[in-house]
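Written out below as structure tokens is the structure these notes cover.
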Amino acid sequence: MNIAQVLSERSAEAGDALAIEARGRKLSFHQLERASAGFANRLRSAGVEPGERALLVCGISVELYAALIGCFRAGVVAVFPDPSAGLRQLNSCVELTSPRVFVGSAKAQLLRLASGAVRSIPLRMMARILKARGRDAGLVVDAGASDTAMITFTSGSTGAPKAAQRTHGFLLAQHAVLERTLGLTPGQIDLTALPVFVLANLASGVTSVVPDADLRRPGEIDPMPVVDQIRRSGVMSAVASPAFFERILQARTQLPMLRKIFTGGAPVFPSLLDRLARMSPEADVTAVYGSTEAEPIAEIERREIQATDIGRMQSGGGLLAGRPVGEIRCRIMRNRWGTPIRERSRGEFESESVEAGEAGEIVVSGEHVLRGYLGGRGDEETKFRVDGEVWHRTGDLGRFDEAGRIWLLGRAAARIEDGAGILYPFTVETAAAMFAGVRRCAVLRNKGRRVLALDADRMPDGLRDAIGWAGIEEFKLCRIPVDRRHNAKVDYPALMKMLAR
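With the working numbering, letter number 212 in the sequence shown gets 313, and the count goes up by one each step, no holes.
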């Protein structure tokens with residue numbers, strides 16, 4: 102089924118209820134339905150065929166979602182570059198996907214002056230709201246579950262960005278798991294700082310309020326306009342990255358109207374969950390673990406974290422991510438990161454899966470797990486098959502505890518192995534993050550020494566003794582570089598370069 106059909110059915114039910122509010126503009130579900138149908142008609146009139154691609158550069162706006170759903174309706178593949186991407190990454194995106202049409206805001210049209218790749222796109226359209234007219238207004242092209250609906254890109258925080266092909270079947274499955282995990286119900290009003298989550302809201306009859314902020318840099322937003330917007334718009338729930346919520350907390354205010362808060366996209370430490378709970382005492386505060394390729398993988402509510410769990414995190418147990426969601430199959434294999442895995446039998450796979458308490462690679466499979474990248478670029482490193490079933494290698498290390506919960510140990514590429522043994526980054530970073538004044542931290546090996554970099558004004562009292570088991574040889578106070586998308590994941594290669602100077 103075409104994902105647009107689900108969105109159309111929900112629009113018929115929700116009618117004049119508010120669908121999306123962004124940049125001071127509002128569209129009801131009915132208006133969004135007509136606008137997306139109007140855009141689909143524009144694509145057809147321009148000769149854009151089903152299966153061809155449209156590059157969407159509209160910012161997070163009502164126009165973006167009208168164009169995106171219009172692409173779905175017309176069977177056109179929407180190419181959605183990272184809003185935080187620079188010109189070089191945009192050029193790479195165009196070269197990799199070969200779009201037939203460029204759809205942009207008035208400002209985005211200026212990219213044609215700066216980018217030869219964008220100029221090479223045969224057709225261009227202005228992103229604007231037009232109502233559908235005529236008998237084609239309700240037309241939705243048939244689409245199979247394996248047909249590509251949208252192409253998004255990995256953040257590139259752990260390597261070159263890869264083009265993720267999201268099929269109609271993938272989007273439908275992802276909506277089903279997000280609807281259950283996030284508790285989406287018609288009439289709910291949700292502040293949504295993560296663009297893809299807006300689709301799940303629309304398919305569930307939930308109003309999406311896009312923050313009044315520059316979401317390209319969530320770690321640098323001005324919190325007060327967003328706080329005012331939450332109060333003014335009657336927001337009941339919020340979904341955003343840890344860096345975004347850290348900025349909201351800088352407003353030092355109470356938001357008692359929030360009943361649900363979800364945060365993910367980067368490591369979520371217990372101290373953030375505690376502070377969000379104090380900001381919104383009536384809210385269920387949940388950390389969500391996932392990635393571009395599999396969202397969500399696991400979740401945990403703050404109230405589920407016990408004193409014994411905190412003690413384990415303080416003493417090198419890693420970061421508690423919670424139980425895998427019911428819709429996903431999750432295993433931990435012996436770590437072979439960096440080496441492709443050939444297809445194997447179920448028996449071989451089970452023999453390579455480790456027992457609870459043992460560390461290894463986190464791998465996942467399921468209907469909402471990405472089966473491959475555009476052109477196969479990245480498949481060899483991150484995919485393997487078990488009796489024909491596709492599994493995704495997350496690149497994260499972790500272990501299951503006796504209750505079946507995942508404890509994250511950090512990126513496989515950041516694991517340290519030296520004469521003192523093996524050191525997993527999150528065992529140290531989670532423990533250090535518990536200390537007051539530590540804004541961010543990262544452990545790495547530099548010039549043959551184990552180094553803990555701390556973004557803090559001073560060395561926290563007692564930290565050195567508390568993590569004595571880690572064998573840290575040098576503590577460095579510095580600003581720690583992070584990824585561009587979420588402003589929260591440590592950019593280990595950039596940090597290594599910085600410390601090597």
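Every residue gets a Cβ at the ideal spot worked out from N, C-alpha and C, and that includes glycine.
Local conformation of residue i per DSSP, three classes
i: residue 593; result: helix
i: residue 363; result: strand
i: residue 480; result: helix
i: residue 474; result: strand
i: residue 192; result: helix
i: residue 187; result: coil
i: residue 533; result: helix
i: residue 528; result: helix
i: residue 560; result: coil
i: residue 418; result: coil
i: residue 518; result: strand
i: residue 542; result: strand
i: residue 127; result: strand
i: residue 221; result: coil
i: residue 239; result: coil
i: residue 103; result: coil
i: residue 302; result: helix
i: residue 554; result: strand
i: residue 344; result: helix
C-alpha gap between residue i and residue j, whole angstroms
i: residue 253; j: residue 562; result: 44 Å
i: residue 358; j: residue 331; result: 9 Å
i: residue 352; j: residue 312; result: 15 Å
i: residue 370; j: residue 381; result: 17 Å
i: residue 602; j: residue 496; result: 28 Å
i: residue 168; j: residue 228; result: 7 Å
i: residue 329; j: residue 306; result: 24 Å
i: residue 594; j: residue 393; result: 21 Å
i: residue 141; j: residue 172; result: 6 Å
i: residue 397; j: residue 132; result: 30 Å
i: residue 148; j: residue 315; result: 34 Å
i: residue 503; j: residue 459; result: 11 Å
i: residue 379; j: residue 403; result: 12 Å
i: residue 211; j: residue 136; result: 24 Å
i: residue 656; j: residue 372; result: Given a span of 102 to 602 for the chain in the structure shown, any question on residue 656 remains unanswerable.
i: residue 265; j: residue 474; result: 5 Å
i: residue 525; j: residue 515; result: 8 Å
i: residue 484; j: residue 427; result: 21 Å
Host alpha helix (DSSP H) of residue i (start-end)
i: residue 134; result: 130 to 146
i: residue 579; result: Element bounds for residue 579: n/a, residue is neither H nor E.
i: residue 375; result: 371 to 380
i: residue 452; result: 447 to 453
i: residue 493; result: Run containing residue 493: none in the alpha helix (DSSP H); it sits in the beta strand (DSSP E), 490 to 501.
i: residue 385; result: Careful: residue 385 lies outside any alpha helix (DSSP H), inside the beta strand (DSSP E) at 385 to 390.
i: residue 434; result: First-last for residue 434: 430 to 434, but that is the beta strand (DSSP E), not the alpha helix (DSSP H).
i: residue 171; result: 163 to 175
i: residue 334; result: 324 to 334
C-beta contact flag for residue i and residue j at 7 Å
i: residue 377; j: residue 389; result: no
i: residue 528; j: residue 412; result: no
i: residue 444; j: residue 478; result: no
i: residue 454; j: residue 432; result: yes
i: residue 276; j: residue 244; result: no
i: residue 582; j: residue 566; result: no
i: residue 437; j: residue 506; result: no
i: residue 179; j: residue 214; result: no
i: residue 429; j: residue 465; result: yes
i: residue 195; j: residue 226; result: no
i: residue 384; j: residue 360; result: yes
i: residue 434; j: residue 461; result: yes
i: residue 309; j: residue 293; result: yes
i: residue 539; j: residue 555; result: yes
i: residue 338; j: residue 291; result: yes
i: residue 470; j: residue 399; result: no
i: residue 43; j: residue 104; result: One cannot answer for residue 43 here, as it falls past the ends of the chain, which runs 102 to 602.
i: residue 163; j: residue 126; result: yes
i: residue 128; j: residue 115; result: no
i: residue 572; j: residue 521; result: yes
i: residue 177; j: residue 144; result: yes
Where the beta strand (DSSP E) containing residue i begins and where it ends
i: residue 462; result: 461 to 466
i: residue 249; result: 249 to 254
i: residue 180; result: 178 to 180
i: residue 224; result: 224 to 227
i: residue 266; result: 264 to 268
i: residue 340; result: 338 to 341
i: residue 402; result: 399 to 402
i: residue 157; result: 154 to 158
Using 8 Å as the threshold, is the region 108 to 127 in touch with the region 145 to 153, meaning 3 or more CB pairs across them? no
Would you check if there are 3 or more beta carbon pairs closer than 8 Å linking the region 335 to 349 to the region 304 to 322? yes
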